[in-house]
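Undergrad: Here you go, one structure.
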Amino acid sequence: MYDVIVIGAGPAGITAAIYCARARLKTLVLSKNIGGQAALSSDVENYTGYQFVTGAELAQKFHSHLDEFPQVEHHEAPEEAEKLKKTRKGFILETDADRYEARAVIICSGANPRPLGVAGEKKLRNKGVSYCATCDAPLFKGKDVAVIGGGNSAMDAVMRLLKYAGKVFVLNVNPELKGDELLKEKILAEPRVQVVPNARTVAILGKKSVEAITYSQKGGPERKLPVQGVFVEIGWTPATEFADVEKNKWNEIKVNLACETSAEGVFAAGDCTDVPEKQIIVAAGMGAVAALSAIKYLSRK
Amino acid sequence: MPKIIVYSTPTCPYCHMVKDYLKKFNFAFEDVDVSVDEARAQEMIDKSGQMGVPVLDIDGKIIVGFNRAEIDKTLGIKK
Ligand SMILES: Cc1cc2nc3c(=O)[nH]c(=O)nc-3n(C[C@H](O)[C@H](O)[C@H](O)COP(=O)(O)OP(=O)(O)OC[C@H]3O[C@@H](n4cnc5c(N)ncnc54)[C@H](O)[C@@H]3O)c2cc1C
Numbered sequence: 099m100y101d102v103i104v105i106g107a108g109p110a111g112i113t114a115a116i117y118c119a120r121a122r123l124k125t126l127v128l129s130k131n132i133g134g135q136a137a138l139s140s141d142v143e144n145y146t147g148y149q150f151v152t153g154a155e156l157a158q159k160f161h162s163h164l165d166e167f168p169q170v171e172h173h174e175a176p177e178e179a180e181k182l183k184k185t186r187k188g189f190i191l192e193t194d195a196d197r198y199e200a201r202a203v204i205i206c207s208g209a210n211p212r213p214l215g216v217a218g219e220k221k222l223r224n225k226g227v228s229y230c231a232t233c234d235a236p237l238f239k240g241k242d243v244a245v246i247g248g249g250n251s252a253m254d255a256v257m258r259l260l261k262y263a264g265k266v267f268v269l270n271v272n273p274e275l276k277g278d279e280l281l282k283e284k285i286l287a288e289p290r291v292q293v294v295p296n297a298r299t300v301a302i303l304g305k306k307s308v309e310a311i312t313y314s315q316k317g318g319p320e321r322k323l324p325v326q327g328v329f330v331e332i333g334w335t336p337a338t339e340f341a342d343v344e345k346n347k348w349n350e351i352k353v354n355l356a357c358e359t360s361a362e363g364v365f366a367a368g369d370c371t372d373v374p375e376k377q378i379i380v381a382a383g384m385g386a387v388a389a390l391s392a393i394k395y396l397s398r399k
Numbered sequence: 014m015p016k017i018i019v020y021s022t023p024t025c026p027y028c029h030m031v032k033d034y035l036k037k038f039n040f041a042f043e044d045v046d047v048s049v050d051e052a053r054a055q056e057m058i059d060k061s062g063q064m065g066v067p068v069l070d071i072d073g074k075i076i077v078g079f080n081r082a083e084i085d086k087t088l089g090i091k092k
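Spelled out as structure tokens, the structure:
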């Protein structure tokens with residue numbers, strides 16, 4: 099029986115675990131990966147104290163900080179939470195590998211990339227279709243690619259891809275790119291980038307790997323772009339299916355200012371919650387709040 | 014010792030994790046950075062029929078992604 103299980107090891111989960119460890123709670127951290135979305139960001143320029151740091155470096159720092167607390171049990175291999183159940187004494191968490199008991203739970207499971215939902219997408223996943231420009235961009239050296247999306251993650255993907263790819267098309271359903279103005283200026287000034295506004299992606303085509311993408315502009319005729327890669331960057335959906343707690347219509351877990359959820363003893367922090375701002379520093383801050391609330395809850399019990 | 018090749022990129026979090034995992038159990042491996050070696054990148058695509066990293070080649074058996082269950086089975090790692 100653990101005092102606390104922390105689900106997820108992004109900025110929120112790692113921060114929560116550090117606070118729990120310092121309060122001498124018997125803590126288990128399990129996660130599908132370390133660093134979460136923060137590890138995927140190319141440049142982080144808004145985390146206090148670091149004028150400039152890559153997402154990978156920041157995630158590494160988070161990881162080493164967590165490793166300073168040997169009393170925190172931390173599973174290095176990916177593990178996925180599948181079902182959280184209430185018991186008389188606390189909670190049981192079932193994962194794809196095992197099941198664990200704890201007196202309190204802190205959910206920091208963040209978000210997963212949202213699929214496009216077009217024909218060919220599933221079949222060609224990892225065969226040219228990618229949801230992680232950070233991971234996969236180097237495999238598209240000299241190839242023409244399309245980025246689907248028009249926000250910060252899409253623009254981040256474009257910057258990543260420009261280091262390797264040939265031409266980068268940006269298919270944006272909206273008339274304008276939205277997000278960081280500096281990033282937007284850089285992208286619009288880049289001759290190898292072509293932004294296609296008001297473009298709805300219709301299908302991804304290819305036999306063994308991606309060969310083309312089709313789209314239509316404002317209900318106009320379907321057009322075809324020959325590309326070898328498609329990077330889907332249309333946002334994120336909260337990873338909250340395993341937990342039966344109150345959520346809003348976007349499946350974000352509802353929390354109050356103390357990061358308490360609708361279930362007593364279950365706390366949540368970061369991008370999996372209904373906090374309006376999804377940022378590393380916000381997620382980390384909420385991780386601290388959730389842990390401090392869990393510590394108080396356990397000392398009351 | 015099995016012959017292990019890990020195809021990876023420096024920026025992919027799962028690649029770091031899988032390499033740390035192999036090191037933890039004292040398995041030696043060849044680390045191929047496909048972001049700098051185009052020929053080996055193509056080799057990986059040919060072997061695995063896909064472009065996602067990491068890819069593991071364990072004595073000719075191809076495992077895509079950090080698939081712990083498969084890796085444990087192939088290498089006889091017990092919890
Ligand atoms: C490309 C990109 C660039 C970004 N750039 C910036 C930036 O410059 N500055 C900034 O402040 N923010 C940036 N962000 C946003 C920031 O990364 C997120 O707000 C932050 O990482 C959220 O932290 P989190 O801990 O709540 O969730 P996440 O980082 O999403 O971490 C969630 C963790 O939970 C794990 N998990 C998920 N489901 C399960 C499950 N069922 N079982 C077990 N574990 C699970 C995941 O593997 C992961 O480890 C960026 C995001 C992206 C994608």
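Keeping their order, the protein sequence lines are chains A and B.
If you want our numbering, it's the position in the first sequence, counting the first as 1, plus 98.
If you want our numbering, it's the position in the second sequence, counting the first as 1, plus 13.
Every residue, glycine too, gets a C-beta built ideally from N, C-alpha and C.
Taking the alpha-carbon positions, what's the ALA381/A to GLU350/A distance?
TA: So the two alpha carbons sit approximately 14 Å from each other.
Undergrad: For VAL291/A, list the residues DSSP reports as bridge partners.
TA: VAL291/A pairs with VAL266/A.
Undergrad: Pull the bridge partners of ASN210/A from the DSSP assignment, please.
TA: Answer is THR335/A, bridged to ASN210/A.
Undergrad: Does the structure place the segment 34 to 51 of chain B close enough to the segment 381 to 392 of chain A that three or more beta carbon pairs sit under 8 Å?
TA: These segments do not touch.
Undergrad: In chain B, which residues lie with their C-beta within 9 Å of the C-beta of LEU237/A?
TA: Within chain B, the residues near LEU237/A are THR22, VAL47, SER48, ALA54, MET57, ILE58, MET64, GLY65 and VAL66.
Undergrad: What residue range is occupied by the uninterrupted alpha helix (DSSP H) comprising PRO324/A?
TA: Taken as a continuous stretch (DSSP letters only), PRO324/A belongs to no alpha helix (DSSP H), being part of the beta strand (DSSP E) at 320 to 324.
Undergrad: I need the boundaries of the alpha helix (DSSP H) containing LYS159/A, first residue and last residue.
TA: Run containing LYS159/A: 153 to 165, per the alpha helix (DSSP H) assignment.
Undergrad: Please find out if some non-hydrogen atom of ligand 3 comes closer than 6 Å to the beta-carbon of LEU303/A.
TA: Although ligand 3 was asked about, the structure shown includes only ligand 1 as ligands.
Undergrad: Got a sec: is the Cβ-Cβ distance from GLU83/B to anything in chain A below 7 Å?
TA: No, because no Cβ of chain A sits closer than 7 Å to the Cβ of GLU83/B.
Undergrad: Please state whether DSSP places ALA179/A in a helix, a strand or coil.
TA: Here ALA179/A sits in strand by DSSP.
Undergrad: Could you pull out every residue in the same chain whose Cβ sits closer than 7 Å to the Cβ of VAL151/A, ignoring the five residues on either side in sequence?
TA: Contacts found: VAL142 and TYR145.
Undergrad: Any Cβ of chain B within less than 7 Å of the Cβ of CYS233/A?
TA: By this cut-off, CYS233/A is an interface position.
Undergrad: Out of curiosity, what's the CA-to-CA distance linking SER251/A and ARG398/A?
TA: Rounded to the nearest angstrom, the two C-alpha atoms are 42 Å apart.
Undergrad: With DSSP as the reference, label ILE40/B as helix, strand or coil.
TA: First, the residue type needs correcting, since residue 40/B is Phe and not Ile in the sequence shown. In this structure, PHE40/B counts as coil in the three-state DSSP scheme.
Undergrad: Mapping the DSSP letters down to three states, classify TYR148/A as helix, strand or coil.
TA: Note: TYR148/A maps to strand in three-state DSSP.
Undergrad: Where VAL245/A and LYS187/A are concerned, what is the direct C-alpha to C-alpha distance, given to the nearest angstrom?
TA: Approximately 49 Å between the Cα atoms of the pair.
Undergrad: Is DSSP giving ALA119/A helix, strand or coil here?
TA: It is helical.
Undergrad: Does DSSP put HIS29/B in a helix, a strand or coil?
TA: Helix.
Undergrad: Let me check one thing: in DSSP terms, what residues is ALA192/A bridge-paired to?
TA: The residue asked about is misnamed: residue 192/A is Glu in this sequence, not Ala. Answer is LYS181/A and ARG197/A.
Undergrad: Is there a Cβ from chain A that is less than 7 Å from the Cβ of GLU51/B?
TA: Chain A contact via Cβ: present.
Undergrad: Is ALA310/A near PRO324/A, with beta carbons less than 7 Å apart?
TA: Going by C-beta atoms, ALA310/A is nearer than 7 Å to PRO324/A.
Undergrad: When you compare the CB positions of VAL387/A and THR371/A, do they come within less than 7 Å of one another, or not?
TA: Taking 7 Å as the Cβ cut-off, VAL387/A and THR371/A do not qualify as a contacting pair.
Undergrad: Taking a Cβ distance cut-off of 8 Å, strictly less, list which residues of the segment 31 to 46 of chain B are near chain A, in chain order.
TA: Listed by position along the chain: ASP33, TYR34 and LYS37.
Undergrad: Could you tell me which uninterrupted beta strand (DSSP E) segments, each at least 3 residues in length, are contained entirely in the segment 41 to 90 of chain B, listed from first to last along the chain?
TA: The qualifying runs are 43 to 46, 68 to 71 and 74 to 77.
Undergrad: Identify which residue in ALA175/A, GLY133/A, PHE189/A and LEU281/A has its Cα closest to the Cα of SER162/A.
TA: Comparing Cα-Cα distances from SER162/A to each of ALA175/A, GLY133/A, PHE189/A and LEU281/A, the minimum goes to GLY133/A.
Undergrad: Answer yes or no: does any C-beta atom of chain A fall closer than 7 Å to that of PRO26/B?
TA: For PRO26/B, the answer is yes, since a Cβ of chain A falls inside 7 Å of its Cβ.
Undergrad: Which residues mark the beginning and the end of the beta strand (DSSP E) in which SER129/A is found?
TA: Start and end: 125 to 132.
Undergrad: Would you say PHE329/A and GLN292/A are within 7 Å of each other, going by their C-beta atoms?
TA: No.
Undergrad: Which residues of chain B have a Cβ atom closer than 8 Å to the Cβ of ALA175/A, listed in chain order?
TA: Here the neighbours are MET30, TYR34, PHE79 and ARG81.
Undergrad: For GLY133/A, return the contacting residues in chain B, with the cut-off set at a CB-CB distance below 7 Å.
TA: Simply PRO26.
Undergrad: To the nearest angstrom, report how far apart LYS69/A and GLY108/A are at their CA atoms.
TA: What the structure shows of chain A is the stretch from 99 to 399, and residue 69/A is not part of that stretch, so it cannot be assessed.
Undergrad: Let me check one thing: in DSSP terms, what residues is ASP141/A bridge-paired to?
TA: Note: ASP141/A sits in a beta bridge opposite THR152/A.
Undergrad: Compute the beta-carbon to beta-carbon distance between GLY363/A and ALA119/A, rounded to the nearest angstrom, for a pair I have assumed lies under 8 Å.
TA: Actually they do not touch by this definition, with Cβ atoms about 19 Å apart.
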